[in-house]
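S.K.: This structure is in structure tokens; I'll ask about it shortly.
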Amino acid sequence: MPSLTAPPATTREPWRRVGPPPHRPNIFASMVRGIGGRHWTFKVGTVLLTVIVLVLVLTPWIAPHDPATQDLTNRLAGPSAEHWFGTDHLGRDVLSRLMWGGRFSVTIAAITLTICAVAGTILGALAARRGGWIDELVMRTVDVLVCFPDVVVALFLIALFGTGYGTLIAALTITGWTPFARLMRGLALEINAKEYIEAAEILGSPKWFILFRHVIPNALRPVAAMSFLRFGHKLITVGALSYLGLGVQPPDSDWGKMLLDAQPYMERAPWVGILAGAAIFVTALSVTMIGQGLDLSKPRGPRPQETPTAGTADNESTASTTIEQGTAP
Amino acid sequence: MLMFLIRRTLVLMVTLLVVSVLAFLIPYAGEGDPARKILRARVNDPALTQDQVNALTHELGLDRALHLQYFDWLKQTLTGDFGLSYTSRSPVGDLVLPALSVSITLALSALLLALVFAVPLGIVAATRRGSKLDNAVTFVSQSAVSAPEYWIGPVLVLVFARYLGWLPSGGWNGIAYIVMPATALALRPLGYFTQVTRAAMSEVLAAPYITAARSRGLSFPKTLLRHGMRNSMLPVMTLFSFWFAGLMGGSVVIEVIFNIPGMGRLLYTSVVNNDIPVIQGGMMWILTLAVVVNTVTDLLYGVLNPAIRVTHA
Numbered sequence: 000m001p002s003l004t005a006p007p008a009t010t011r012e013p014w015r016r017v018g019p020p021p022h023r024p025n026i027f028a029s030m031v032r033g034i035g036g037r038h039w040t041f042k043v044g045t046v047l048l049t050v051i052v053l054v055l056v057l058t059p060w061i062a063p064h065d066p067a068t069q070d071l072t073n074r075l076a077g078p079s080a081e082h083w084f085g086t087d088h089l090g091r092d093v094l095s096r097l098m099w100g101g102r103f104s105v106t107i108a109a110i111t112l113t114i115c116a117v118a119g120t121i122l123g124a125l126a127a128r129r130g131g132w133i134d135e136l137v138m139r140t141v142d143v144l145v146c147f148p149d150v151v152v153a154l155f156l157i158a159l160f161g162t163g164y165g166t167l168i169a170a171l172t173i174t175g176w177t178p179f180a181r182l183m184r185g186l187a188l189e190i191n192a193k194e195y196i197e198a199a200e201i202l203g204s205p206k207w208f209i210l211f212r213h214v215i216p217n218a219l220r221p222v223a224a225m226s227f228l229r230f231g232h233k234l235i236t237v238g239a240l241s242y243l244g245l246g247v248q249p250p251d252s253d254w255g256k257m258l259l260d261a262q263p264y265m266e267r268a269p270w271v272g273i274l275a276g277a278a279i280f281v282t283a284l285s286v287t288m289i290g291q292g293l294d295l296s297k298p299r300g301p302r303p304q305e306t307p308t309a310g311t312a313d314n315e316s317t318a319s320t321t322i323e324q325g326t327a328p
Numbered sequence: 000m001l002m003f004l005i006r007r008t009l010v011l012m013v014t015l016l017v018v019s020v021l022a023f024l025i026p027y028a029g030e031g032d033p034a035r036k037i038l039r040a041r042v043n044d045p046a047l048t049q050d051q052v053n054a055l056t057h058e059l060g061l062d063r064a065l066h067l068q069y070f071d072w073l074k075q076t077l078t079g080d081f082g083l084s085y086t087s088r089s090p091v092g093d094l095v096l097p098a099l100s101v102s103i104t105l106a107l108s109a110l111l112l113a114l115v116f117a118v119p120l121g122i123v124a125a126t127r128r129g130s131k132l133d134n135a136v137t138f139v140s141q142s143a144v145s146a147p148e149y150w151i152g153p154v155l156v157l158v159f160a161r162y163l164g165w166l167p168s169g170g171w172n173g174i175a176y177i178v179m180p181a182t183a184l185a186l187r188p189l190g191y192f193t194q195v196t197r198a199a200m201s202e203v204l205a206a207p208y209i210t211a212a213r214s215r216g217l218s219f220p221k222t223l224l225r226h227g228m229r230n231s232m233l234p235v236m237t238l239f240s241f242w243f244a245g246l247m248g249g250s251v252v253i254e255v256i257f258n259i260p261g262m263g264r265l266l267y268t269s270v271v272n273n274d275i276p277v278i279q280g281g282m283m284w285i286l287t288l289a290v291v292v293n294t295v296t297d298l299l300y301g302v303l304n305p306a307i308r309v310t311h312a
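Taken in sequence, the protein lines are chains A and B. All residue numbers for the first sequence refer to numbering that gives the first Met the number 0, where the first residue is 0 and numbers rise by one. All residue numbers for the second sequence refer to numbering that gives the first Met the number 0, where the first residue is 0 and numbers rise by one.
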């Protein structure tokens, strides 16, 4: 009988034995831990976002009414025990429509954000690691795309390809990956100078392994902060396009579309429009608070609170400093 | 500096090339005969028979290879001639330039308004880091950043135009018409400006030259003005020009809500009506201007900031 045990792969690929880098942060663990002692905006934001996400996930079970059922005898009714947030111009329950609409808004924002974050992070890290013409190509593309306004790019794509979810996501992705690339490039340049990268290179780790095992994992916290900060921006842009009738297409509806539909009745039934806008606002605020909270609490080691003494003169790349360099409207 | 200029000019040209190819392709996308669409922009005659279309198509070279047509089109557009708008039948340039001046006015008023509130807020927060006031400023700036302008806008209209009747609800006819749209538009940049001012000012205040100035007996307000402001305003200026470039064409929703004849609304209506010449002209103008403004900003940044100038030299 020949032995069934393969020779350990590690003898041929010693770099695979390399353990996790020394400061590798566990984003989820540190976020959960963080609720106890991090920056206050982080705590408030986390609570808000948890509630919102729970409500949106549980919508099919907890929505009080069907969002599409019309009751024309009970149009534009004010808040009541039956309809907590009143009814809209077709007599539909506003609360149920807000819950179902939110699922659309948040999902589209989350999808585009994920694509942007992954693409931007990989391209930025690649630019920093490889340098040369790749760096030049990526960063000059960023320079250009970063100053294109989201809505204008969306209009351009709609002129070319018509409206649709594909166009919508593409439009938001084209401009959306650039801040991630800038941030990641800055972080990767710092990480490049670390000893563990040198060690990994000496061990003969392949380039892709260093990139995905050492460089990107060590930059996850600022990237996570940036993701939260950009999430609010995406949500607002998705809403803007729906408000213009170019985002969500009927019969689907989202918060921006609800705001648009409520517009003619703003005077008679202001709560419909105000609530739809407030939903976007509160959700965007919650993620912004989380993002800034993550950014303001320092990454290195367990550090319970931020020292309130004047000035931190560190030059590390953080999500906020990258946003300073440019956040297109 | 010269290398920087050459590089950025190259980038600008490549951008223009890509944008122009995409704009050129708009008539070929979607349904309908591209030749007919292009002719509609060139010939001021609504009822063309198929024979006339065929003749003109050949005459104008619209039956040739796509790349040859592109070069013809590019030559024409580089002189500023994008043809006639489908809807108003006037040359695209006559529509774009007035709209652009309206949008620039609106963008500047909104951003200046944002700056006036953001800089003091940011400085106050930076000088009292960790205090209740600092936390309040942080919360205000986060709220401002998260407030969609298409929510604030209608609410402002409801309160100040409908209920109180102080301001006109839409249009573009003087100072009173700027107030509400500029306010709605100012909120998000206000939030970002505040955050950036606070961050830059905190960093500057921790610098040794501030301690040096204070130890020489300079009062704190004077130190702030002479040393703090000068060194912390650069990032704010960069962000300002960034938003300016974006708002020249990007204030679409606000211009639609307030019925302002600016660039954003022009682009929006042209897309909705599929007014191809206006889309092409508008996009080329706006995207080019955005890149130009940002290139100039980056250049100015190098000129104004000696630290960067040295490293680039």
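Just so you know, even glycine gets a beta-carbon here, dropped at the ideal spot from N, CA and C. All of these numbers come straight from a predicted model, not from anything done at the bench.
Measuring straight from C-alpha to C-alpha, what distance separates A/G310 and B/Q194?
M.R.: The pLDDT assigned to A/G310 is 33, lower than 50, so where the model puts this residue is not dependable; a value taken from the coordinates is nonetheless given after this. For A/G310 and B/Q194, the distance between alpha carbons rounds to 14 Å.
S.K.: Looking at chain A, which residues of the segment 136–165 of chain B have a Cβ within less than 7 Å of any of its Cβ atoms?
M.R.: The residues in question are T137, Q141, S142, V144, S145, A146, P147, Y149, W150, P153, V154, L157, R161.
S.K.: Give the interface partners of B/T222 over in chain A, defined as CB-CB distance under 9 Å, in chain order.
M.R.: Those within 9 Å of B/T222 in chain A number zero; the least Cβ separation is about 13 Å.
S.K.: Could you compute how far the alpha carbon of A/A293 sits from the alpha carbon of A/A198?
M.R.: According to the sequence shown, residue 293 of chain A is Leu rather than Ala. Cα to Cα, A/L293 sits roughly 29 Å from A/A198.
S.K.: Taking Cβ-Cβ distances below 7 Å as the criterion, which residues of the segment 266–284 of chain A are in contact with chain B?
M.R.: Listed by position, the residues of the segment 266–284 of chain A near chain B (Cβ gap below 7 Å) are E266, P269, G272, I273, G276, I279, F280, A283, L284.
S.K.: What residues from the segment 85–110 of chain B come within 7 Å of chain A, judged by C-beta to C-beta, listed N to C?
M.R.: Listed in sequence order: no entries.
S.K.: Which residues of the segment 236–255 of chain B have a Cβ closer than 9 Å to any Cβ of chain A? Give them in chain order.
M.R.: Flagged, chain order: T237, L238, F241, W242, A244, G245, L246, M247, G248, G249, S250, V251, V252, V255.
S.K.: Which residue marks the beginning of the alpha helix (DSSP H) containing A/K193, and which one marks its end?
M.R.: Per DSSP, A/K193 belongs to no alpha helix (DSSP H) and is neither H nor E.
S.K.: For B/M282, which residues in chain A fall below 7 Å Cβ to Cβ?
M.R.: Residues of chain A passing the Cβ test: F155.
S.K.: For a quick check, are the C-beta atoms of B/A160 and B/P153 less than 8 Å apart?
M.R.: Not in contact: B/A160 and B/P153 (Cβ atoms no closer than 8 Å).
S.K.: Give a yes or no on whether 8 Å exceeds the smallest Cβ distance from B/T14 to chain A.
M.R.: Closer than 8 Å: yes.
S.K.: Measure from the alpha carbon of B/A28 to the alpha carbon of each residue in A/D134, A/F155, A/L136, A/A187, then state which is nearest.
M.R.: The shortest Cα separation from B/A28 among A/D134, A/F155, A/L136, A/A187 belongs to A/F155.
S.K.: Please confirm whether A/D142 has its beta-carbon closer than 8 Å to some beta-carbon of chain B.
M.R.: Chain B, which has a Cβ nearer than 8 Å to the Cβ of A/D142, makes this yes.
S.K.: Using a Cβ-Cβ cut-off of 8 Å, state whether A/G161 counts as contacting chain B.
M.R.: Chain B contact via Cβ: present.
S.K.: Please list, in chain order, the chain A residues whose beta carbon lies closer than 7 Å to that of B/V290.
M.R.: Those within 7 Å of B/V290 in chain A are V143, C146.
S.K.: Would B/E148 pass as a contact of B/L114 if the rule is Cβ separation under 8 Å?
M.R.: It is not a contact, given that the beta carbons lie outside the stated cut-off.
S.K.: Which of the three DSSP states, helix, strand or coil, is assigned to B/L83?
M.R.: Reduced to three states, the DSSP call for B/L83 is strand.
S.K.: For B/D62, count neighbouring Cβ atoms within 10 angstroms of its own Cβ and tell me buried if that reaches 16, exposed if not.
M.R.: Exposed: under 16 other Cβ atoms inside 10 Å.
S.K.: If you draw a straight line from the alpha carbon of B/S19 to that of B/L73, how long is it in whole angstroms?
M.R.: Approximately 7 Å, taken between the alpha carbons.
S.K.: Consider the Cβ of B/L286: report whether some Cβ of chain A lies at a distance smaller than 8 Å.
M.R.: Closer than 8 Å: yes.
S.K.: Can you give the Cα-Cα distance for B/T190 and A/S204, rounded to whole angstroms?
M.R.: Inspection of the sequence shows that residue 190 of chain B is occupied by Gly rather than by Thr. Approximately 44 Å, taken between the alpha carbons.
S.K.: Residues in its own chain within less than 7 Å of A/Q324 by CB, not counting five upstream and five downstream?
M.R.: Since pLDDT at A/Q324 reaches only 44, below the 50 mark, its modelled position is unreliable, and the value read off the structure follows with that caveat. Taken in chain order, the residues that qualify are R181.
S.K.: At the 8 Å Cβ level, is B/N134 part of the contact set with chain A, yes or no?
M.R.: By this cut-off, B/N134 is an interface position.
S.K.: Should A/P66 and A/S95 be called a contact, given that it needs their Cβ atoms to be closer than 8 Å?
M.R.: Their beta carbons are under 8 Å apart, which means A/P66 touches A/S95 by this criterion.
S.K.: So which residues of chain B does A/I235 contact, with C-beta pairs closer than 7 Å?
M.R.: Result: P147.
S.K.: Name the residues in the segment 235–261 of chain A whose C-beta lies less than 7 Å from a C-beta of chain B; which are they?
M.R.: Residues passing the 7 Å Cβ filter: I235, G238, A239, Y242, L243, L258.
S.K.: Which two residues bound the contiguous alpha helix (DSSP H) that contains A/R102?
M.R.: Per DSSP, A/R102 belongs to the alpha helix (DSSP H) from 93–129.
S.K.: Step through the CB atoms of chain A and report whether any lies within less than 8 Å of the CB of B/G29.
M.R.: It does: the Cβ of B/G29 has a partner Cβ on chain A nearer than 8 Å.
S.K.: Roughly how many angstroms lie between the CA atoms of A/A76 and B/L110, to the nearest whole one?
M.R.: The alpha-carbon atoms of A/A76 and B/L110 are separated by roughly 39 Å.
S.K.: Rounded to whole angstroms, what is the Cα-Cα separation between A/I114 and B/L55?
M.R.: Spanning the two alpha carbons is a distance of roughly 46 Å.
S.K.: By how many angstroms is the C-alpha of B/G216 removed from the C-alpha of B/L224?
M.R.: Approximately 15 Å, taken between the alpha carbons.
S.K.: Suppose you measure from the CA of B/N272 to the CA of B/T237; what does that come to, to the nearest Å?
M.R.: Computed Cα separation, rounded: 36 Å.
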